[in-house]
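Enquirer:
Number of protein chains: 2
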Amino acid sequence: MAKLQAGYLFPEIARRRNAHIQKNPDAKVISLGIGDTTEPIPVPITSAMEEKARSLSTSEGYSGYGAEQGEKPLRAAIAKRIYSDLNIKETEIFVSDGAKCDISRLQLLFGPDVSVAVQDPSYPAYVDTSVMVGQTGGFLTNVQQYDKIGYMKCTPDNDFFPDLKSVPRKDIIYFCSPNNPTGAAASRSQLEQLVAFAKENGSIIVYDSAYAIYMSDDSPRSIYEIPGARQVAIETGSFSKYAGFTGVRLGWTVVPDELLYSDGFPVINDFNRVMCTCFNGASNIAQAGGLACLSTEGWKAMNEVVDFYKENTRILVDTFKSLGFNTFGGTNAPYVWVQFPGRNSWDVFAEILEKAHIVTTPGSGFGPAGEGFIRASAFGNRKNILEASKRLKDLFAK
Amino acid sequence: MAKLQAGYLFPEIARRRNAHIQKNPDAKVISLGIGDTTEPIPVPITSAMEEKARSLSTSEGYSGYGAEQGEKPLRAAIAKRIYSDLNIKETEIFVSDGAKCDISRLQLLFGPDVSVAVQDPSYPAYVDTSVMVGQTGGFLTNVQQYDKIGYMKCTPDNDFFPDLKSVPRKDIIYFCSPNNPTGAAASRSQLEQLVAFAKENGSIIVYDSAYAIYMSDDSPRSIYEIPGARQVAIETGSFSKYAGFTGVRLGWTVVPDELLYSDGFPVINDFNRVMCTCFNGASNIAQAGGLACLSTEGWKAMNEVVDFYKENTRILVDTFKSLGFNTFGGTNAPYVWVQFPGRNSWDVFAEILEKAHIVTTPGSGFGPAGEGFIRASAFGNRKNILEASKRLKDLFAK
Chain A
1 MAKLQAGYLF PEIARRRNAH IQKNPDAKVI SLGIGDTTEP IPVPITSAME EKARSLSTSE
61 GYSGYGAEQG EKPLRAAIAK RIYSDLNIKE TEIFVSDGAK CDISRLQLLF GPDVSVAVQD
121 PSYPAYVDTS VMVGQTGGFL TNVQQYDKIG YMKCTPDNDF FPDLKSVPRK DIIYFCSPNN
181 PTGAAASRSQ LEQLVAFAKE NGSIIVYDSA YAIYMSDDSP RSIYEIPGAR QVAIETGSFS
241 KYAGFTGVRL GWTVVPDELL YSDGFPVIND FNRVMCTCFN GASNIAQAGG LACLSTEGWK
301 AMNEVVDFYK ENTRILVDTF KSLGFNTFGG TNAPYVWVQF PGRNSWDVFA EILEKAHIVT
361 TPGSGFGPAG EGFIRASAFG NRKNILEASK RLKDLFAK
Chain B
1 MAKLQAGYLF PEIARRRNAH IQKNPDAKVI SLGIGDTTEP IPVPITSAME EKARSLSTSE
61 GYSGYGAEQG EKPLRAAIAK RIYSDLNIKE TEIFVSDGAK CDISRLQLLF GPDVSVAVQD
121 PSYPAYVDTS VMVGQTGGFL TNVQQYDKIG YMKCTPDNDF FPDLKSVPRK DIIYFCSPNN
181 PTGAAASRSQ LEQLVAFAKE NGSIIVYDSA YAIYMSDDSP RSIYEIPGAR QVAIETGSFS
241 KYAGFTGVRL GWTVVPDELL YSDGFPVIND FNRVMCTCFN GASNIAQAGG LACLSTEGWK
301 AMNEVVDFYK ENTRILVDTF KSLGFNTFGG TNAPYVWVQF PGRNSWDVFA EILEKAHIVT
361 TPGSGFGPAG EGFIRASAFG NRKNILEASK RLKDLFAK
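Chain order of the listed sequences is A and B.
Numbering follows UniProt numbering, in which position 28 of the first sequence is assigned residue number 28; successive positions increment by one, without gaps.
Numbering follows UniProt numbering, in which position 83 of the second sequence is assigned residue number 83; successive positions increment by one, without gaps.
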């Protein structure tokens, strides 16, 4: 624990945001910071949760402990709706209280003796949980990296896909696509390379697909679109950014039967054991909501909210581009990755906060290769996004 | 992972139950097995959850990520209602998706290099998570114990409280009172001994109070009733058995400011970091339900359900006593601990299942000192409890 650097990124941003508000009580602060949903959950989905809550007060509707792996109809619906044609069995799907929580349970499964690689930059939970379970050495301040973690640089120079020839072998590869924070989605041929690389090295890919629904081009939505992925990849997914469930809490993890340790033992058996020992199932009310998300009506309503956020994303991309910034992401993810060459990310963060009262996320918080970038999240109501666009233009227009 | 013995206890029981049902499709199986609530949640509590679900579909009511530590009003209400007069601050309370999940997060906090002690018998999650994070050696089949875990024998001979003079020093002491499975609640003087023992040894007590609301005598409801406990104890609690939230999922953990590692660093800071990194807050709908549980109306309604289960417990205690069995627990917990001298717990389990179609829990599943006992859970509707009582009398009457 002592190895962890000060402050998990988002609590640290919240701290700075609060300090700014205290200093500027009249400022109308807009958040493009943490990727937090802002739009109401569609009624067909909340109605299902209301109905479930109500039924728990009746003898007929009450139920206690559910299966640790999730309710059968929900597992089946995820298999059918999210993985149609990909041959994922409902028994390979483990429903959870969210992808972040599943990542820590996966780390518990892997234990301290494995080595891990992450995209650089990447969502901080991979590295922080890895440090926490003891897979790493200390923090090397000269390179801003933890010893023993493989940092796979993803920058505009390599189309945000690591040069696998230069990546040393690691047991576990965390790979998020569409990526948080860069917004880059790996193409089919890139993912084929990744799967081949994992197979060659006997590595397990943990593929984070939390933003797959935001994709606009024809990049794969799931690692299981790649032949052979069932032998090397675990995939996590989440209702957080799909249906505004960031507070409701619901996600899932897929562990295919064919994924085996080097001794031939199925990983799914161990993951099942972790779920049964360290978890007691996602909230039954949240699961009722998840099932409604996957119904025809819920799915349509949910995608309309996603489209709304996608329009927000286009507004932000246009804003930064019109100001002459090198701007990445945005097409396949609700994140815009903006380059400020030669500048320190936290300085840019501070400037935008102080002068425009807008919270962003400093790129370096996601890894050393994020230095010189900031991430703007497109979650927000339209009025705020338009106001943010205006303030950014006022601040940065030449 | 490989060290873990076959099957977490309750999934194993479920497996045997299902096999029995397949063999006896017409049998009306009654469960006194897993401690799973059966009675509806009172309307004042489900209404609050419905209301919260509904509000998430509105612009005014929607909220995304909540604080990882839980919503402020709920933390304040737990401090006030559960820890009134015990000076627990709301900032010392971390709201979670349940005590079982918190135990695995505590194990993640402690890491592989600590030594642990558990009551024998005890709730299996302490030992299983300890094995999982690598704190133990292998399973020693001759003594049915994991190497390096301290098993503190709790039997009728020592009033279910360990002889601390013979307990070797361990870093962490898991202590559940009222105990699952024995139903025994430690007295004030016993807990004073425990706190003094931890202080002497520089150990941390993890005190599981999940059944405190079932207490009928004047034993302490919280470890913090004992002077000095703030320096040595973490306490976990849960709405599962209080309000029938086994499926809704809500619990909490208290980490007092004064609890320090040997180097003087506050444990609360590290636990906060674990919660922020490995968890994303309990479901906001469940939290709305928890807040309603602690209101005057909710608290009253919730206690009426608890009283119902307490009456169930009395029926089961009377049944086993009338049959001449040495019967323990039941006064302060919804569990009845029944002795079958000289017999194997799984054999008794099988006999009761096969001949009376009743699922119990074999005592040896909770640790070697549980051998020769079975645990009967008093959660169930009254008709089933009375029918179980009748069948047990038919089976065991001389």
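Even for Gly, the Cβ is constructed at its ideal location relative to N, Cα and C.
Am I right that B:PRO40 and A:TYR62 are in contact with their C-beta atoms under 8 angstroms? What's the rounded C-beta distance?
Expert: Walking along the second sequence from the start, residue 40 of chain B turns up at place 40. Walking along the first sequence from the start, residue 62 of chain A turns up at place 62. Correct: roughly 5 angstroms between the Cβ atoms.
Enquirer: DSSP on A:ALA196, reduced to helix/strand/coil?
Expert: Numbered from its first residue, the first sequence carries residue 196 of chain A at position 196. A:ALA196 falls in the helix class under three-state DSSP.
Enquirer: Could you tell me the alpha carbon to alpha carbon distance between B:ASP307 and A:ASP257, rounded to whole angstroms?
Expert: Here residue 307 of chain B refers to the residue found at position 307 when the second sequence is read from its first residue. Here residue 257 of chain A refers to the residue found at position 257 when the first sequence is read from its first residue. Those two C-alpha atoms are separated by around 46 angstroms.
Enquirer: Got a sec: is the Cβ-Cβ distance from A:CYS176 to anything in chain B below 8 angstroms?
Expert: Locating residue 176 of chain A in the first sequence gives position 176, counting from the first residue. No, no contact with chain B.
Enquirer: Between B:GLN287 and B:GLY134, is the Cβ-Cβ spacing less than 8 angstroms?
Expert: Position 287 of the second sequence holds residue 287 of chain B. Position 134 of the second sequence holds residue 134 of chain B. It is not a contact, given that the beta carbons lie outside the stated cut-off.
Enquirer: Taking its Cβ as the centre, do 16 or more other Cβ atoms sit within 10 Å of B:ILE21, making it buried, or is it exposed?
Expert: Residue mapping note: residue 21 of chain B aligns to position 21 of the second sequence, counting from 1. When all chains shown are included, B:ILE21 counts as exposed.
Enquirer: Give me the residue from A:ASN201, A:LYS100, A:PHE325 with the minimum Cα distance to A:GLU235.
Expert: Taking the first sequence and counting its residues from 1, the one referred to as residue 235 of chain A is at position 235. Checking every option, the nearest Cα to that of A:GLU235 belongs to A:LYS100.
Enquirer: What does a CB cutoff of less than 7 angstroms around A:GLY137 pick up in its chain, not counting 5 residues either side in sequence?
Expert: By 1-based counting over the first sequence, the position of residue 137 of chain A is 137. Hits under 7 angstroms: TYR146, ASP147, LYS148.
Enquirer: Which one or two residues does DSSP pair with A:LYS153 in a beta bridge?
Expert: Position 153 of the first sequence, counting from 1, holds the residue named residue 153 of chain A. For A:LYS153, which the question treats as bridged, DSSP gives the partners A:ASP120.
Enquirer: If the cut is a Cβ gap below 8 angstroms, which residues of chain A does B:LEU108 touch?
Expert: In the second sequence, the residue the question calls residue 108 of chain B occupies position 108. Per Cβ cutoff of 8 angstroms: SER104, LEU108, MET132, VAL133.
Enquirer: Under 8 angstroms, do A:THR129 and A:CYS154 count as touching if we go by C-beta distance?
Expert: Locating residue 129 of chain A in the first sequence gives position 129, where the first residue counts as 1. Locating residue 154 of chain A in the first sequence gives position 154, where the first residue counts as 1. No, the pair does not count as a contact, with Cβ atoms beyond the cut-off.
Enquirer: Assuming B:ALA186 contacts B:PHE161 (C-beta within less than 8 angstroms), just tell me the rounded distance between them.
Expert: As a first step, residue 186 of chain B must be located in the second sequence, where it is residue number 186. As a first step, residue 161 of chain B must be located in the second sequence, where it is residue number 161. Correct: roughly 6 angstroms between the Cβ atoms.
Enquirer: In three-state terms, what does DSSP make of A:TYR146?
Expert: Numbered from 1 along the first sequence, position 146 holds the residue referred to as residue 146 of chain A. In this structure, A:TYR146 counts as strand in the three-state DSSP scheme.
Enquirer: A:GLY150 touches chain B at which residues, Cβ-Cβ below 9 angstroms?
Expert: On the first sequence, residue 150 of chain A is found 150 positions in, with the first residue counted as 1. In chain order: nothing, as chain B lies at least about 20 angstroms away.
Enquirer: Using CA atoms only, rank isn't needed, just tell me which of B:ALA76, B:ASP347, B:ASP218, B:SER262 is closest to B:GLN231.
Expert: Numbered from its first residue, the second sequence carries residue 231 of chain B at position 231. Selected option, being the one with the closest Cα: B:SER262.
Enquirer: Can you find the residues in the same chain that come closer than 8 angstroms, C-beta to C-beta, to A:ILE358, ignoring five residues on each side of it along the sequence?
Expert: Mapped onto the first sequence, residue 358 of chain A falls at position 358. Only VAL29, ILE30, SER31, LEU32, ILE352, ALA388, ARG391, LEU392 meet the Cβ criterion.
Enquirer: Please go through the same chain and pick out, in chain order, the residues whose beta-carbon is closer than 8 angstroms to the beta-carbon of A:ASN381, but skip the five residues on each side of it.
Expert: Stepping through the first sequence from its first residue, residue 381 of chain A is reached at position 381. Excluding positions up to five away in sequence, the list reads THR38, GLU39.
Enquirer: For the ligand SAH, is there a heavy atom less than 7 angstroms away from the beta-carbon of B:VAL131?
Expert: In the structure on display, the ligand SAH does not appear, and there are no ligands present to speak of.
Enquirer: Does B:ARG391 have its Cβ less than 8 angstroms from a Cβ in chain A?
Expert: Here residue 391 of chain B corresponds to residue number 391 of the second sequence, with the count starting at 1. For B:ARG391, the answer is no, since every Cβ of chain A falls outside 8 angstroms of its Cβ.
Enquirer: Answer with buried or exposed for A:ARG15, where buried requires no fewer than 16 other C-beta atoms within 10 angstroms of its C-beta.
Expert: One-based indexing of the first sequence puts residue 15 of chain A at position 15. A:ARG15 is exposed by the Cβ-count criterion.
Enquirer: Excluding the 5 residues flanking residue 478 of chain B on each side, which residues of the same chain have their C-beta closer than 7 angstroms to its C-beta?
Expert: The requested residue 478 of chain B does not occur in the structure, where chain B is confined to residues 1 to 398.
Enquirer: Of all Cβ atoms in chain B, is any one closer than 8 angstroms to the Cβ of A:PHE279?
Expert: Within the first sequence, residue 279 of chain A is the residue found at index 279, counting from 1. By this cut-off, A:PHE279 is an interface position.
Enquirer: Entirely within the stretch 328-369 of chain B and at least 4 residues each: give me those alpha helix (DSSP H) ranges in chain order.
Expert: Entirely contained in the stretch 328-369 of chain B, the alpha helix (DSSP H) runs reaching 4 residues are, in chain order, 345-356.
Enquirer: Determine, using beta carbons only, whether B:ALA350 comes closer than 8 angstroms to chain A.
Expert: Looking up residue 350 of chain B in the second sequence gives position 350. No, its Cβ sits nowhere closer than 8 angstroms to a Cβ of chain A.
Enquirer: Against B:PRO40, what residues of chain A qualify as contacts under a CB-to-CB distance less than 8 angstroms, listed in chain order?
Expert: Sequence index remark: in the second sequence, residue 40 of chain B carries index 40 (1-based). Simply LEU56, SER57, THR58, SER59, GLY61, TYR62.
Enquirer: Just the Cα atoms here: how many angstroms apart are A:LEU191 and A:LYS72?
Expert: Start at 1 with the first residue of the first sequence, and residue 191 of chain A comes out as number 191. Start at 1 with the first residue of the first sequence, and residue 72 of chain A comes out as number 72. Roughly 30 angstroms separates the two Cα atoms.
Enquirer: Should A:LYS170 go down as buried or exposed, given a rule of 16 or more other Cβ atoms within 10 Å for buried?
Expert: Here residue 170 of chain A is taken as the residue at index 170 of the first sequence, counted from 1. With 16 or more other Cβ atoms within 10 Å, it is buried.
Enquirer: Would DSSP call B:PRO227 helix, strand or coil?
Expert: Working through the second sequence from its first residue, we reach residue 227 of chain B at position 227. Of the three classes helix, strand and coil, the one that applies to B:PRO227 here is coil, per DSSP.
Enquirer: Once the 5 residues before and after B:ILE223 are set aside, which same chain residues still bring their CB inside 6 angstroms of it?
Expert: Stepping through the second sequence from its first residue, residue 223 of chain B is reached at position 223. Hits under 6 angstroms: TYR207, ALA229, ALA233, GLU235.
Enquirer: Based on DSSP bridge pairs, tell me the residues matched to A:TRP252.
Expert: Working through the first sequence from its first residue, we reach residue 252 of chain A at position 252. DSSP, once it has assigned bridges, lists A:VAL95, A:GLY237 as partnering A:TRP252.
Enquirer: Beta-carbon separation of B:GLY298 and B:LEU250 under 8 angstroms?
Expert: To locate residue 298 of chain B, count along the second sequence from 1; it is residue 298. To locate residue 250 of chain B, count along the second sequence from 1; it is residue 250. No; because the gap between Cβ atoms is not below 8 angstroms, this pair is not in contact.
Enquirer: Using the rule of at least 16 other Cβ atoms within 10 Å of the residue's Cβ for burial, across every protein chain shown, is B:ASP217 buried or exposed?
Expert: Residue mapping note: residue 217 of chain B aligns to position 217 of the second sequence, counting from 1. By the neighbour-count rule (16 or more Cβ atoms within 10 Å), B:ASP217 is not buried but exposed.
Enquirer: Restricting to Cα atoms, I'd like to know which of A:ASN201, A:SER166, A:CYS293, A:SER219 is closest to A:SER209.
Expert: The residue labelled residue 209 of chain A in the question sits at position 209 within the first sequence. Taking only the C-alpha atoms, the option nearest A:SER209 is A:SER219.
Enquirer: What are the residues of the stretch 246-266 of chain B that lie near chain A, defined by any Cβ-Cβ distance shorter than 7 angstroms?
Expert: From the stretch 246-266 of chain B, only THR246, GLY247, VAL248, ARG249 have a Cβ closer than 7 angstroms to chain A.
Enquirer: Per DSSP, what are the beta-bridge partners of B:PHE175 in this structure?
Expert: Locating residue 175 of chain B in the second sequence gives position 175, where the first residue counts as 1. In the DSSP output, where bridge partners are listed per residue, B:PHE175 has B:TYR207.
Enquirer: Taking only three categories from DSSP, how would you classify A:SER166?
Expert: Numbered from 1 along the first sequence, position 166 holds the residue referred to as residue 166 of chain A. Here A:SER166 sits in helix by DSSP.
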